[in-house]
Amino acid sequence: MKLFRKTPLAWRQLMKEKTRLAVAVAGITFADMLMFIQLGFQSALFDASVKPHRSLQADLVLINPQFQTLFAVKSFSRERLYQALGYEGVQSVTSLYIGSGQWRNPITRLDRTILVWGIDPTQTTFNLPEIQQNQYHLKQLYQVLFDQAGRPEYGPIGDIFQKTGNLQTELNNKAISVKGVFKNGASFAADGNVIVSDSTFLQLFPQRQRDRIEVGLITLKPGVDPEKVRSQLAAGLPNDVRVLTLEGFAEVEKQYWENGTAIGFIFTLGAAVGFIVGIVIVYQILYSDVSDHLPEYATLKAMGYTDRYLLGVLLQEALFLAILGFLPGFILSFGLYQVTYAATMLPIFMKTERAIRVWILTVIMCSFSGAIAMRKLRSADPADVF
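Note that full-length UniProt numbering gives residue 188 to position 188 of the sequence shown, counting from 1, and the numbers run on in steps of one.
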């Protein structure tokens with residue numbers, strides 16, 4: 001109850017200088033927005049980069065040990081996939097080709113790099129209903145499924161297909177026909193995706209060998225422990241392949257972007273800069289407030305109030321500033337996420353976990369600033385009253 005008896009003093013201190021309060025709130029809002037944007041981009045980077053991995057229909061995955069990212073895939077012998085089929089608990093296997101091709105915008109006739117997935121159209125490779133319902137079209141050569149959640153530079157493929165039910169363009173300078181659309185989305189590795197049959201893939205990439213694949217998908221029998229089979233395969237297969245769970249496969253991609261490039265570090269650094277900027281702004285505001293009211297604080301000390309009580313008042317001011325600055329920062333960042341998604345097609349959305357994280361950082365930021373400003377408050381001498 002003592003806390004609530006202190007509250008009016010802290011609030012009135014802030015409200016007395018409305019201009020200073022507005023500057024402080026604006027500064028904290030800016031710092032929070034900077035943290036929200038940087039953490040949002042970092043999360044979107046990871047979510048977008050692993051979304052294709054998690055869309056695959058498999059329990060275990062075979063990849064080349066040197067595989068790091070879909071942007072620069074490494075192949076291995078298809079024989080390893082057939083060897084895996086002989087292990088107890090394995091129900092079926094299917095191969096996956098991956099390559100970067102040149103998609104021609106049917107409107108502008110400009111080429112743009114796109115990620116091409118070559119699948120067996122008779123097997124279930126992706127867990128996306130749009131793909132499963134239309135992949136039978138891929139049995140014919142040069143027929144494809146297009147990712148309409150990719151960048152708009154590929155052309156209004158989804159709109160045209162919905163109106164006409166067919167669309168002709170070129171991929172790697174070969175005429176292709178769009179027979180279906182799905183939604184996966186752009187990432188930092190690829191602006192879009194297109195799915196073709198394994199036969200079409202080899203026609204589009206004539207330099208590729210049929211017996212060299214990029215990913216092997218393994219489906220286990222119901223009730224089988226994936227980790228147990230993974231360990232058996234890892235011990236039994238030659239070391240020219242790596243056996244992972246689907247989540248482990250996604251983690252390889254995430255680790256590449258987080259640790260193998262400067263992008264993850266840059267976004268983390270940006271969030272840290274926002275945190276430091278907030279500390280400086282709040283400290284300056286609280287320090288100025290203490291300096292302007294030093295005689296009043298000295299009077300309170302002369303009346304018997306302790307430094308601990310005055311520190312509580314200062315920390316309450318910091319908490320009020322945190323609340324007043326966080327709310328507009330949250331709302332504005334929410335709007336910026338929507339604008340960024342519309343412009344880039346990256347999956348950048350407000351998450352509860354991130355909002356809580358930034359709120360905690362805001363409270364720490366303001367409380368730390370208040371604790372530093374307390375050094376000035378300690379210098380308030382009751383003798384100053386006289």
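Ideal Cβ positions, reconstructed from N, Cα and C, are used throughout, including at glycine.
Host beta strand (DSSP E) of residue i (start-end)
{"i": "PHE182", "result": "174-182"}
{"i": "SER187", "result": "Careful: SER187 lies outside any beta strand (DSSP E) and carries neither H nor E."}
{"i": "GLN102", "result": "90-104"}
{"i": "ILE119", "result": "111-119"}
{"i": "LEU145", "result": "143-147"}
{"i": "ILE218", "result": "215-220"}
{"i": "THR69", "result": "Segment: none, THR69 is in no beta strand (DSSP E) and carries neither H nor E."}
{"i": "VAL224", "result": "Counting along the chain, VAL224 falls outside any beta strand (DSSP E), and DSSP gives it neither H nor E."}
{"i": "ASN193", "result": "193-197"}
Under 8 Å between C-beta atoms of residue i and residue j
{"i": "TRP359", "j": "PHE334", "result": "no"}
{"i": "VAL73", "j": "LEU324", "result": "no"}
{"i": "LEU237", "j": "ARG357", "result": "no"}
{"i": "LEU314", "j": "MET365", "result": "no"}
{"i": "LEU217", "j": "ALA84", "result": "no"}
{"i": "THR94", "j": "TYR142", "result": "no"}
{"i": "GLN42", "j": "PHE267", "result": "yes"}
{"i": "ALA318", "j": "LEU294", "result": "no"}
{"i": "PHE146", "j": "ILE160", "result": "no"}
{"i": "PHE182", "j": "ILE279", "result": "no"}
{"i": "LEU300", "j": "LEU310", "result": "yes"}
{"i": "GLY223", "j": "ALA48", "result": "no"}
{"i": "LEU128", "j": "ALA190", "result": "no"}
{"i": "residue 387", "j": "GLY40", "result": "For the chain, the structure presents residues 1 to 386; residue 387 sits outside this window and is missing."}
{"i": "ARG212", "j": "PHE76", "result": "yes"}
{"i": "TYR297", "j": "ILE372", "result": "no"}
{"i": "THR340", "j": "ILE348", "result": "yes"}
Closest residue to residue i among the options (Cα-Cα distance)
{"i": "GLU170", "options": "THR164, VAL178 and ASN127", "result": "VAL178"}
{"i": "SER55", "options": "THR200, TRP117, GLN140 and ARG151", "result": "TRP117"}
{"i": "GLU253", "options": "PHE46, LEU115 and VAL196", "result": "PHE46"}
{"i": "ALA149", "options": "PRO222, ASP111, THR344 and LYS301", "result": "THR344"}
{"i": "GLY329", "options": "PHE30, GLY99 and LEU321", "result": "PHE30"}
{"i": "LEU346", "options": "ILE37, ARG20, GLN135 and ALA22", "result": "ILE37"}
{"i": "SER232", "options": "GLY89, LEU21 and LEU39", "result": "In the sequence as presented, Ser is not what sits at residue 232; that position holds Gln. Per the Cα distances, GLY89."}
{"i": "ARG112", "options": "ILE160, ILE348, GLN102 and GLY274", "result": "GLN102"}
{"i": "SER197", "options": "THR219, THR125 and GLY185", "result": "THR125"}
{"i": "GLU214", "options": "GLY165, LYS301, GLY192 and ARG242", "result": "ARG242"}
{"i": "GLY165", "options": "GLY185, VAL144 and ASN239", "result": "VAL144"}
{"i": "residue 416", "options": "ILE281, ARG104 and ASN172", "result": "This structure cannot settle anything about residue 416, because the visible part of the chain is limited to 1 through 386."}
{"i": "GLU247", "options": "ILE263, THR261, TRP257 and GLU227", "result": "GLU227"}
Span of the alpha helix (DSSP H), counted from its first residue to its last, around residue i
{"i": "TYR297", "result": "294-302"}
{"i": "ARG78", "result": "Careful: ARG78 lies outside any alpha helix (DSSP H) and carries neither H nor E."}
{"i": "THR29", "result": "18-54"}
{"i": "ILE157", "result": "157-164"}
{"i": "GLN133", "result": "129-134"}
Residue i burial status per 10 Å Cβ neighbour count (16 or more: buried)
{"i": "LEU3", "result": "The predicted model places LEU3 with a pLDDT of 48, which falls under 50 and marks its position as unreliable; any figure quoted below should be read in that light. When all chains shown are included, LEU3 counts as exposed."}
{"i": "MET1", "result": "In this prediction, MET1 has a pLDDT of 47, which is less than 50 and means its spatial position is unreliable; what the coordinates show is noted afterwards. MET1 comes out exposed."}
{"i": "residue 387", "result": "Nothing can be reported for residue 387: it is not among the residues displayed for the chain, which extend from 1 to 386."}
{"i": "VAL50", "result": "buried"}
{"i": "residue 390", "result": "Because the chain spans 1 through 386 in this model, residue 390 falls outside it and cannot be assessed."}
{"i": "MET15", "result": "exposed"}
{"i": "MET303", "result": "exposed"}
{"i": "SER187", "result": "buried"}
{"i": "ILE119", "result": "buried"}
{"i": "PHE265", "result": "exposed"}
{"i": "GLY370", "result": "buried"}
{"i": "GLN316", "result": "buried"}
{"i": "ASN193", "result": "buried"}
{"i": "THR362", "result": "buried"}
{"i": "GLN140", "result": "exposed"}
{"i": "PRO121", "result": "buried"}
{"i": "GLY274", "result": "buried"}
{"i": "ARG230", "result": "buried"}
{"i": "VAL61", "result": "buried"}
{"i": "THR19", "result": "exposed"}
{"i": "PRO206", "result": "exposed"}
Paired residues, beta bridge with residue i - DSSP
{"i": "THR245", "result": "LEU60"}
{"i": "LEU171", "result": "TRP103 and LYS174"}
{"i": "ARG212", "result": "SER77"}
{"i": "PHE126", "result": "LEU56"}
Chain D within 8 Å of residue i, Cβ atoms only
{"i": "GLU253", "result": "Any reference to chain D falls outside this structure, which holds one protein chain only."}
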